[in-house]
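Engineer:
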Amino acid sequence: MVQEPAARYDVKPVLEASLQTEIIDALDGKENRKPLTPAAFLLLCYILGFLSGTMALVSQWKDFKDGLCDLNDLTLRSESTAEAHKLVRSSMCHMTKSAKARVRLVARENVNLRYSPGMKAEVIMPLKQYAVLEVVDSTDKTWLEVIYKHEGIEIQGWISRSMVKTIQ
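With the numbering used here, the residue at position 27 of the sequence shown is 547, and numbering never jumps.
Printed below as a string of structure tokens:
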């Protein structure tokens, strides 16, 4: 068996400060600038990708919040769960799947929104049937941390999972 000699690469670790300086120099538009090294180019692509993704989410956030307020007005007039689901689904057609997964409807009349998870926690306010909620935290097995929009004010609290329905 013939063994080939191992390839020899002269790899030098790249310092973060030198990459930052290289990118800043390139963005400043200096006349005698050099092309970006592959490492600096990848870092710049990563930063721009992160910023564009963040900006896309932030730009949709206000629309999502306003839509929840409008949905509350519609669903509170619903006569049945099926009608409430239909109204919410038709209003959410432009939302991403991850945004839709955060929306819940209150399943019964006078369900308590609480300050903390637990039946003994102080009640913030009772919610009407078919009120629209946005889930903030769903890590607890029996309670959801939610935001409810009431007369233009966002109220954050906790509600039992058994008292809400998902939109399908």
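Every residue gets a Cβ at the ideal spot worked out from N, C-alpha and C, and that includes glycine.
When DSSP labels each residue in this structure, what does Pro558 get in the three-state scheme?
Structural biologist: Residue state, collapsed to three classes: helix.
Engineer: Look at Val626 and Met683 and say whether their C-beta atoms are less than 8 Å apart.
Structural biologist: Pairing Val626 with Met683 gives a Cβ-Cβ distance under 8 Å.
Engineer: Mark Tyr650 as exposed unless 16 or more other C-beta atoms lie within 10 angstroms of its C-beta, in which case mark it buried.
Structural biologist: buried
Engineer: Using only alpha-carbon positions, find the residue among Asn632, Lys640, Lys661, Lys554 that is nearest to Ser675.
Structural biologist: It is Ile, not Ser, that sits at residue 675 in the sequence shown. Taking each of Asn632, Lys640, Lys661, Lys554 in turn and checking the Cα distance to Ile675, the smallest one comes out for Asn632.
Engineer: Using only CA atoms, which one of Pro558, Met645, Ser636, Met639 lies nearest to His670?
Structural biologist: Residue nearest to His670 within the set Pro558, Met645, Ser636, Met639 is Met645 (criterion: CA-CA distance).
Engineer: Buried or exposed: Gly677, going by 16 or more other Cβ atoms within 10 Å of its Cβ?
Structural biologist: Burial call: buried.
Engineer: If I measure Cβ to Cβ from Trp663 and keep anything under 8 Å in the same chain, skipping five residues before and after, which residues do I get?
Structural biologist: Pro637, Gly638, Trp678, Ile679, Ser680, Arg681
Engineer: Taking the beta strand (DSSP E) that Glu542 falls in, what are its first and last residues?
Structural biologist: Premise fails: Glu542 lies in the alpha helix (DSSP H), 536-548, not in any beta strand (DSSP E).
Engineer: Counting only the same chain and skipping the five closest in sequence on each side, list residues whose C-beta sits under 7 Å from that of Phe570.
Structural biologist: none
Engineer: Please state the DSSP three-state secondary structure of Tyr635.
Structural biologist: coil
Engineer: What are the boundary residues of the beta strand (DSSP E) that includes Gln676?
Structural biologist: 673-680
Engineer: Name the two residues that bound the continuous beta strand (DSSP E) containing Glu654.
Structural biologist: 652-657
Engineer: What do you get for Leu568, buried or exposed, if any count of 16 or more other CB atoms within 10 angstroms of its CB means buried?
Structural biologist: exposed
Engineer: Taking the alpha-carbon positions, what's the Asn552 to Ile544 distance?
Structural biologist: 14 Å
Engineer: Taking the alpha carbon of Glu654 as the reference point, which residue from Asn630, Lys640, Lys685 has its own alpha carbon closest?
Structural biologist: Lys685
Engineer: Out of Ala560, Arg628, Tyr668, Ala621, which one is the CA nearest neighbour of Tyr635?
Structural biologist: Tyr668
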